[in-house]
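First up is the structure itself, then whatever we jot down about it.
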Amino acid sequence: MKQKDQFDNLEKHTQWGIDVLEKFIKFVKERTEIELSYAKQLRNLSKKYQPKKNSREEEEYRYTSARAFLATLNEMNDYAGQHEVISENMTSLITGELTRYVQELKQERKSHFHDGRKAQQHIETCWKQLEASKRRFERDCKEADRAQQYFEKMDADINVTKADVEKARQQAQLRHQMAEDSKAEYSSTLQKFNSEQHDHYYTHIPHIFQKIQEMEERRIVRIGESMKTFAEVDRQVIPIIGKCLDEITKAAESIDHKNDSQLVIEAFKSGFEPPGDVDFEDFTQPMKRTVSESSLSNSRGDGKSEPKFGGKSKGKLWPFIKKNKLMSLLTSPHQPPPPPPASASPSAVPNGPQSPKQQKEPLSHRFNEFMTSKPKIHCFRSLKRGLSLKLGAGPEDFSNLPPEQRRKKLQQKVDELNRDIQKEMDQRDALTKMKDVYIKNPQMGDAASVDHRLAELGQNIEKLRLEVQKFEGWLAEVEGRLSMRSEARRQSGLYEAQNPSAVNSCAQDRESSPDGSYTEEQSQETEMKVPATDFDDEFDDEEPLPTIGTCKALYTFEGQNEGTISVAEGEMLYVIEEDKGDGWTRIRRNEDEEGYVPTSYVEVYLDKNAKDVYKSLEKISE
């Protein structure tokens, strides 16, 4: 019974040991999940702050501070990888191994306790046999004593026949024999039991207990080794994690504030000259600017009478319109438009009643009004350039940028084209070698099949070289202008010292387009401020104004006045400027023919997108 109690205690203890092992496995498994989750969050964090491709953020990473931050993000990605390594190693070296060991341990424990129960049952069976033999021997002995007493009683009784006495004697002898046999069987069973009991307590049970002890000790050693592995897995990645942290420190130490500041200077350096001193304006003398029609018509000949517009014979009088359209702007839009033909029905006039009548004003008054309204729209070039930028098309020569920025863009374009040329030449060289191989070994391929591709590559290379020449010409022009800055500044300072009263008549032609870009006009063409500066003929080569819609002529109109254009009924034309409230609409037939027609004579179809952009540009210019 005591032995059975010990087996129960051992069974409980070994089960507790297995529970501890399984608890440790669960702990490690949850640790691996935490490591994986942490690594995933670190990777997502690093990815979240990585610069997006083809975005402005990529440009910002040319600064050392931004590159250090990018290096930190990359190192954090590697740092997350080490936590993934921890999770993988713990899963393979601890969780997987211990799970298999627990299954083996359970089978071994089950086998040992099965052997113990079997030995216990065997000794209990031997004990039962011994008890049965003992009871049988005791019973036979008692039966033999009673038979002997009965025989002696019968033998002493004289009244009993001899036959009955003999019978009692035989029965007593039989009982004695049975008692002797039971004694012998009991003795044999007792010896066997003693032997089995000795083997049970000194051999079988100690052996089973020894196996259970060894099993339990192996479990304890295994859980200790697993705990050591748990620490070693972390210790193995510490050098790599330390290296990641060292790289982050190295990236932080590589930040160069001077270099970053210089990059900002290079990125935003415009190359423009600082503005000159503001001149004193004397309001004590009344000034009245009047221009006669005769002086207007001869403005190019005797422009020296007006310091602001005098100068060279080849000058740019108006900064925002071509010279051959000056009269049309000054006269035509301000005349009242003629009414539509009397036979027309009201429904045929899509633009409503005719514009209100106006008194024709003297040309000199229109000229003065034109001059005073100049600041509203600096020049049509700015307007067109802003419109093209709003619509997503910039000038090919990057003339909308400041000089220094333009030089950088042109240099980048030249480098890009040279790289494309190199790629095409590499392909041509490879195909040439392939053709030579085909010529030497016709069985490998047809050499004539490569000729077409070689011709295409030659054409592509020639086109790219022409493009390079074009951009290199623009680049040389910009670099030449920038190199002349210091000389121009020196000459300008010398002239201002000699002629201080006349310098203020020079117009600054550096201006902002509606979207914040820059144009290079007078400052790059003259390179210094002088009083005799005129506008050149550059606007004569400008592209026409963008169209904002189309129109259909409802009636025939004979454009007899300056600035108007003749149209035929049913003719389709382009609209380049809508009615501003004066009853006139500006249209174009082709690049060389444009002018004003009465709004009531045409049916206008404006393009909504172009109209919105055009109106927004007008608001900006105002």
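Numbering-wise, numbering that gives the first Met the number 0 puts 435 at position 436 of the sequence shown, and it's gapless, one number per residue. By construction, the Cβ of each residue, glycine as well, lies at the ideal position given by its N, Cα and C atoms. Note that the structure is predicted; figures quoted are calculated from it, not measured.
> Nearest to Thr188 by alpha carbon, out of Met226, Tyr595, Gln128 and Ser599?
Replying inline: Gln128
>> What does the Cβ neighbour count give for Met89, buried or exposed, with the cut at 16 atoms within 10 Å?
In response: buried
> By DSSP, does Glu602 sit in helix, in strand, or in coil?
Replying inline: strand
> Ala266: which of Ser448, Ile247, Gly95 and Arg61 sits nearest, CA to CA?
Replying inline: Arg61
> Taking buried to mean at least 16 other C-beta atoms within 10 Å of its own C-beta, is Val467 buried or exposed?
Replying inline: buried
> Beta carbon of Ala118, beta carbon of His197: below 7 Å?
Replying inline: no
> With respect to the alpha helix (DSSP H) encompassing Arg145, which residues constitute its N-terminal and C-terminal limits?
Replying inline: Glu96 to Ala155
>> For Val603 and Gly569, which I take to be in contact (beta-carbon distance under 8 Å), what is that distance rounded to the nearest angstrom?
In response: No, Val603 and Gly569 are not in contact; Cβ-Cβ is about 15 Å, not under 8 Å.
>> On the criterion of 16 or more Cβ atoms from any shown chain inside 10 Å, does Asp163 qualify as buried, or is it exposed?
In response: exposed
> What is the residue span of the alpha helix (DSSP H) that Val84 lies within?
Replying inline: Thr63 to Met89
>> Taking the alpha carbon of Ile418 as the reference point, which residue from Asn459, Arg452 and Val84 has its own alpha carbon closest?
In response: It should be pointed out that residue 418 corresponds to Arg in this sequence rather than to Ile. Checked all of Asn459, Arg452 and Val84; the closest Cα to Arg418 is Asn459.
> Can you find a CB in chain D that lies within less than 7 Å of the CB of Glu83?
Replying inline: Going by chain labels, chain D is absent from the structure shown, which holds only one protein chain.
> Got a sec, what are the start and stop residues for the beta strand (DSSP E) Arg588 sits in?
Replying inline: Looking at the DSSP string, Arg588 is not in any beta strand (DSSP E), and its letter there is neither H nor E.
> Count the other CB atoms within 10 Å of the CB of Tyr554; is the residue buried (16 or more) or exposed (fewer)?
Replying inline: buried
> Which residue comes first and which comes last in the alpha helix (DSSP H) that contains Tyr628?
Replying inline: Lying outside 0 to 621, the shown extent of the chain, residue 628 is not represented and no answer is given.
> Nearest-angstrom Cα distance between Asp414 and Glu471?
Replying inline: 10 Å
> When the Cα atoms are used, what is the spatial distance from Gln404 to Lys268?
Replying inline: 7 Å
> Between which two residues does the beta strand (DSSP E) containing Pro597 stretch?
Replying inline: Glu593 to Pro597
> Buried or exposed: Asp139, going by 16 or more other Cβ atoms within 10 Å of its Cβ?
Replying inline: buried
> Grouping DSSP H, G and I as helix and E and B as strand, with all else coil, what is Glu59?
Replying inline: helix
>> Using 8 Å as the cut-off, can you tell me whether the stretch 169-177 makes contact with the stretch 80-89, which would need three or more C-beta pairs spanning the two stretches below that distance?
In response: no
>> DSSP has Phe556 in a bridge; who is on the other side?
In response: Val566
>> With three or more beta-carbon pairs closer than 8 Å as the criterion, would you say the stretch 35-44 touches the stretch 220-238?
In response: no
> If you draw a straight line from the alpha carbon of Lys46 to that of Val236, how long is it in whole angstroms?
Replying inline: 22 Å
> For Ser132, which residues from the same chain have a beta carbon less than 7 Å from its beta carbon, with the 5 sequence-adjacent residues on both sides left out?
Replying inline: Glu184, Tyr185 and Thr188
>> If distances are taken between C-alpha atoms only, which option among Tyr48, Ser86 and Glu87 comes closest to Asn73?
In response: Tyr48
> For Gln14, which residues from the same chain have a beta carbon less than 7 Å from its beta carbon, with the 5 sequence-adjacent residues on both sides left out?
Replying inline: none
> Since Glu576 is in the beta strand (DSSP E), which residue starts that stretch and which ends it?
Replying inline: Met571 to Glu576
>> Per the DSSP calculation, Lys28 is bridged to which residue(s)?
In response: Per DSSP, none; premise fails for Lys28.
> Whose C-alpha, out of Met75, Pro441 and Tyr200, is nearest the C-alpha of Ile122?
Replying inline: Tyr200
>> I need the DSSP call for Thr546, collapsed to helix, strand or coil.
In response: coil
>> Suppose the cutoff is 7 Å on Cβ atoms and the five residues either side in sequence are ignored; what does the same chain contact list for Trp126 look like?
In response: Phe192
> What separation, rounded to the nearest whole angstrom, lies between the Cα atoms of Ile219 and Ile17?
Replying inline: 10 Å
>> Using only CA atoms, which one of Asp450, Lys434, Cys243 and Met424 lies nearest to Leu463?
In response: Met424
>> Taking the alpha carbon of Asp450 as the reference point, which residue from Asn589, Gly275 and Asp428 has its own alpha carbon closest?
In response: Asp428
>> Give me the residue from Gly582, Gly562 and Leu544 with the minimum Cα distance to Glu590.
In response: Leu544
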